[in-house]
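There are 2 protein chains.
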Amino acid sequence: MSSVDCCPPLHDPLDEGDAVELAGALKALADPARLRLLSIIGAADAGWACACDLHEPLGRSQPTVSHHLTTLVKAGLLEREQRGKWAWFRVREERLSAVRDALSVVDPVRD
Amino acid sequence: MSSVDCCPPLHDPLDEGDAVELAGALKALADPARLRLLSIIGAADAGWACACDLHEPLGRSQPTVSHHLTTLVKAGLLEREQRGKWAWFRVREERLSAVRDALSVVDPVRD
DNA sequence: ATATCGAATTGATGACTGTCGATACCGTGA
DNA sequence: TCACGGTATCGACAGTCATCAATTCGATAT
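Line order of the protein sequences matches chains U and H.
Numbers in my numbering are just positions in the first sequence, counted from 1, shifted up by 6.
Numbers in my numbering are just positions in the second sequence, counted from 1, shifted up by 6.
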């Protein structure tokens, strides 16, 4: 059921529209800085991480990190929460799973 | 075991090098034309498809299709075989699975 | 109010990429 | 050997993107 909300599995005749949608989600993932953000946030205590703790381990400027975080939120891969003047983020695993599920050209576990 | 040859899972502290590698594989997937190619080839009889049957359903020119096929082969997602003057392709599911496995921030099936 | 500090936005720049027309390459069959 | 046809390569162009410095926005605390 997880792939339904996001992108239909590839199994076959993927039409251009679905392909564009899935490609959009993958584009959001296809960047080293964003993968590391997901990795760092996903490994954080209680699953939540503050933006203020991300620039340094990433080795990128604050505007650049902010830009990537926005991209990931727009793609539905991160959830954002404002706490006072700090921004906190959490990985939306359901969404990540949906993308992963959609990535089955020939899924060995299915029919 | 499948993710070892390709890219380490995101689980945590993904370093820049690993992130670049995984991002590379995802970049290869993050294009509508290439997703459709995988989909079409994966659904073909016996898993093999001839390049000559791909331009038309894709609605792209022959050079463009050739370019995308090359990209997918370089990324290890397609296997190429020359038969006379025709080029045949097959989806490398192991590689696709490896990428999919690497895409787990918190893998429910593991430790 | 005002100073402070974290985060988002803006603007600019250099690099990359998807696309196609034209062309070159290379098996096959006559 | 030559013509044919499938495929790859080349050159060009338009669009996208990652990045940063400078600036603005917003919330907190004094």
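Every residue, glycine too, gets a C-beta built ideally from N, C-alpha and C.
Remember, predicted model here, so these are calculated numbers, not experimental data.
Open item on the list: Taking 6 Å as the limit between beta carbons, can you name the residues of its chain near H/Trp94, skipping five residues before and five after?
Closed with: For H/Trp94, where only same-chain residues beyond five positions count, the Cβ hits under 6 Å are Trp54, Cys56, Glu87.
Task: Span of the alpha helix (DSSP H) around H/Arg98 - done: Where H/Arg98 is concerned, there is no enclosing alpha helix (DSSP H), given that its DSSP letter is neither H nor E.
Task: Strand pairing of H/Leu84, partner residues [DSSP] - done: Paired residue(s): H/Val97.
TODO: Please determine if the region 39-48 of chain U and the region 59-79 of chain U are in contact, where contact requires at least 3 C-beta pairs separated by less than 8 Å.
DONE: Of all C-beta pairs linking the region 39-48 of chain U to the region 59-79 of chain U, three or more are shorter than 8 Å, placing the two stretches in contact.
Open item on the list: How far does the alpha helix (DSSP H) with H/Ala25 in it extend, from its first residue to its last?
Closed with: For H/Ala25, the uninterrupted alpha helix (DSSP H) run begins and ends at 22-35, by DSSP.
Task: Alpha carbon of U/Ala29 to alpha carbon of H/Gly90, nearest angstrom - done: Approximately 33 Å, taken between the alpha carbons.
Task: Where the alpha helix (DSSP H) through U/Ala57 begins and ends - done: Careful: U/Ala57 lies outside any alpha helix (DSSP H) and carries neither H nor E.
Task: Simplified DSSP assignment, three categories, for H/Arg89 - done: H/Arg89 carries a strand assignment under DSSP once its states are collapsed to helix, strand and coil.
Open item on the list: Need the endpoints of the alpha helix (DSSP H) that U/Gly65 sits in, please.
Closed with: Neither: U/Gly65 is in no alpha helix (DSSP H) and is coded neither H nor E.
Task: 8 Å Cβ cutoff, H/Asp37 in contact with chain U - done: Interface residue, yes.
TODO: Compute the Euclidean distance between the alpha carbons of U/Asp37 and H/Asp51, then round it to the nearest angstrom.
DONE: Between U/Asp37 and H/Asp51, the C-alpha separation is close to 34 Å.
- [ ] Would you kindly work out how many angstroms separate the C-alpha atoms of H/Glu27 and H/Thr77, rounded to a whole number?
- [x] Computed Cα separation, rounded: 15 Å.
Open item on the list: For the alpha helix (DSSP H) containing U/Glu38, name the first residue and the last one.
Closed with: Note that residue 38 of chain U corresponds to Pro in the displayed sequence, not to Glu. Here the alpha helix (DSSP H) through U/Pro38 covers 38-48.
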